[in-house]
Structures are given as structure tokens and as C-alpha cells.
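If you use the UniProt record's numbering, the sequence shown corresponds to residues 1 to 60, in order.
Heads up, the beta-carbon is just placed ideally off N, CA and C, and yes, glycines get one too.
Computed from a predicted structure; not experimentally measured.
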Amino acid sequence: MHVKFGLSQAEFTSLVDAQDYKTLEEKLRGALKAEKIREGDFQQCYDWLKKTASMNGKSL
């Protein structure tokens with residue numbers, strides 16, 4: 001999944017572990033804007049990000 005965010009596995013894991021969902025959202029939106037991912041992939045990742053943040057008491 002990290003590729004869809006435009007991040008290396010280590011960067012992605014670090015941000016997830018730190019619960020830095022805002023930065024992950026920014027990276028995901030950047031990948032969509034740069035046309036590195038499709039709208040469907042964006043929505044799938046965004047839904048996962050939103051759900052993960054919510055499960056950890058955070059919001060986007």
C-alpha cells in the first residue's frame with residue numbers, strides 16, 4: 001500500500017506507527033494530484049486511512 005502513498009515501506013510504516021494520519025493524507029492526495037494513482041485506488045486508500053485513524057481515536 002505504501003507505493004500508492006508515494007512512500008517507501010519504511011516511511012509509510014514510520015508514519016503509521018506515529019499515527020501521523022494528516023501527513024499520510026497529504027501524501028495520498030499528492031499522489032492523486034500527480035496522477036501517480038487512479039481515483040479508485042485513492043478512494044480505497046483514503047477509506048483505509050479514515051478507518052485506521054478512527055480506530056485509533058484520531059480524525060483526518
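Within its own chain, the residues whose Cβ lies closer than 6 Å to the Cβ of T23, once the five positions on either side in sequence are excluded, are L15, listed in chain order. Shown here for L49: same chain residues with a beta carbon closer than 8 Å to its own, the five before and five after excluded, namely Y21, L24, E25, L28, L60 in chain order.
With a 10 Å radius around the Cβ and a threshold of 16 neighbouring Cβ atoms, K58 comes out exposed. Just so you know, the alpha carbons of Q19 and I37 end up roughly 23 Å apart.
Excluding residues up to 5 positions away in sequence, K4 lie with their Cβ nearer than 7 Å to the Cβ of D41 in the same chain.
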